[in-house]
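A.B. asks: So the sequence lines, in the order shown, correspond to chains H and U. Just add 191 to wherever you are in the first sequence, counting from 1, and you've got this note's numbering. Just add 959 to wherever you are in the second sequence, counting from 1, and you've got this note's numbering. Ideal Cβ positions, reconstructed from N, Cα and C, are used throughout, including at glycine. I'd like to ask some things about the structure below.
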Amino acid sequence: DTAVSQTPKYLVTQMGNDKSIKCEQNLGHDTMYWYKQDSKKFLKIMFSYNNKELIINETVPNRFSPKSPDKAHLNLHINSLELGDSAVYFCASTRGTDTQETQYFGPGTRLLVL
Amino acid sequence: RKEVEQDPGPFNVPEGATVAFNCTYSNSASQSFFWYRQDCRKEPKLLMSVYSSGNEDGRFTAQLNRASQYISLLIRDSKLSDSATYLCVVILPPKGNMLTFGGGTRLMVKP
């Protein structure tokens, strides 16, 4: 059973398009995250949601809009895709917001913008 | 200066060797520290938390030096399966449980 799943696994699209990535966790966790890992392998936090409420937004462009329909799902919609958006996007979850909690990552979505 | 810095490597070591990685962090108020492991084209996974007194988990030992603002990971008796990228992770106040990652150190263990 997959704890944190993401769809799609791969996404190839043209510049200017709008696309969505979905994330689901079956761990019963309250907090979910989106991270971006660029071509240089740096992982950076983008957003964090706790019980469907946004708690962290790390100066991500407005073209990125997360949506959490319930606490088990956190989707990421990207408008007007740019070449620089090409990266691997990881979803993660934790039970709560305690700093010592283990974050469980999804397998990643590899986005390539042409 | 980056918030969390690591030597990217790669570290090429023979099986059975002992290898150590260091990581420095810039914010002295940092609260929590971890080592994550990331295999090629896979997601990061928690290897171990790093406690002030240092801690050990089998062949892995993590140390924290708050005065010098660095953490270390020591791997004894390296196995081929230890080949991966090791990510130093810090929680920077006041960012709650938001992880800040170093760029990773790549380890390759050869037969």
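1. Could you please give the first and the last residue of the uninterrupted beta strand (DSSP E) stretch that includes Val251 (chain H)?
2. Could one say the Cβ of Leu1023 (chain U) lies closer than 9 Å to chain H's Cβ atoms, at least one of them?
3. Going along the stretch 995 to 1014 of chain U in order, which residues come within less than 9 Å of chain H, judged by CB to CB distance?
4. In its own chain, which residues sit with a C-beta less than 7 Å from the C-beta of Asn931 (chain U), not counting the 5 before and 5 after it?
5. Within the 9 Å Cβ cut-off, does Leu234 (chain H) reach chain U?
6. If the cut is a Cβ gap below 7 Å, which residues of chain H does Met1057 (chain U) touch?
7. Is it true that the stretch 270 to 283 of chain H meets the stretch 1021 to 1032 of chain U, where meeting means three or more beta-carbon pairs spaced less than 8 Å apart?
8. Mind checking whether Phe255 (chain H) and His264 (chain H) have CB atoms under 9 Å apart?
9. Taking buried to mean at least 16 other C-beta atoms within 10 Å of its own C-beta, is Asn253 (chain H) buried or exposed?
10. At 8 Å on the CB atoms, spell out the chain U contacts of Pro298 (chain H), in chain order.
11. Excluding sequence positions up to five away, which residues of its chain have a Cβ less than 8 Å from the Cβ of Tyr295 (chain H)?
12. Quick one: which residues of the stretch 255 to 268 of chain H get their C-beta closer than 7 Å to a C-beta of chain U? List them in chain order.
C.D. replies: Per the coordinate set shown:
1. Unbroken run through Val251 (chain H): none, as it is neither H nor E.
2. no
3. Tyr995, Gln997, Arg1000, Lys1001, Glu1002, Pro1003, Lys1004, Leu1005, Ser1008
4. Outside the shown range of chain U (960 to 1070) lies residue 931 (chain U), about which nothing can therefore be said.
5. yes
6. Ile236, Ser239, Ile247
7. no
8. no
9. exposed
10. Lys1001, Glu1002
11. Ala194, Val195, Gln216, Leu218, His220, Ala283, Ser284, Thr285
12. none
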